[in-house]
């Protein structure tokens, strides 16, 4: 095993290693919370839209058979046997009162969004604590490395002094 680089030549870029935004985006549980929050918001929006009246266009076309005997039933081209009809209309649905069901659903959605926001904030705080802990650990290890380098230089000076004294 041969060491090719020296410790003095290695640069440590701590700020790039501990980017908080990147720490959030790399976490699966954070992205799951974001997705759940978006889904809860869309669910609340869906419940609010149900208060809007609906208007539908109804169109229909058909044919009825009106014969006295079964053998006349197979005369499809005869308009007297198979008269056709058309239907056109508009249907409007106005939600008047639903027993406050949609209102309660919207309140539940708001609470769910608020809870997910709190969970997200707690996870962010947890990630921040974890990143700061790792940053402190790396700083302490770098300080220890600097101390070991100074100790190594001091030992080399002591060795040189002892070698010179021995030669004299």
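In this note's numbering, the protein residues as written are 18 to 185.
Note that the Cβ used here is the ideal one computed from N, Cα and C, for glycine as well.
Predicted model only: the values in this text are computed from it and were never measured.
- Counting only residues of its own chain and dropping the five nearest sequence neighbours on each side, residue 65 has a CB closer than 7 Å to the CB of 123.
- For the region 101 to 136, the full-length beta strand (DSSP E) segments reaching 3 residues or more read 101 to 110 along the chain.
- As DSSP reads the structure, residue 78 sits in a beta bridge with 103.
- Distance between residue 57 and residue 160, taken at the CA atoms: about 47 Å.
- In this structure, DSSP gives residue 72 an extended state, which the three-state scheme calls strand.
- In this structure, residue 98 sits away from residue 108, with a CB-CB distance that is not shorter than 8 Å.
- Straight through space, the alpha carbons of residue 78 and residue 70 are spaced by roughly 27 Å.
- Sixteen is the threshold: since fewer than 16 other Cβ atoms of the shown chains lie within 10 Å of the Cβ of residue 146, the residue is exposed.
- It is roughly 26 Å from the alpha-carbon of residue 92 to the alpha-carbon of residue 76.
- Contact check between the region 131 to 142 and the region 110 to 120: fewer than three CB pairs, one atom from each, fall below 8 Å, which does not count as touching.
- DSSP places residue 95 in the coil class of the three-state scheme, outside both helix and strand.
- Where residue 46 is concerned, the enclosing alpha helix (DSSP H) starts and stops at 45 to 66.
- With a threshold of 16 other beta carbon atoms within 10 Å, residue 158 falls short and is exposed.
- Here residue 84 carries a coil assignment [DSSP, helix/strand/coil].
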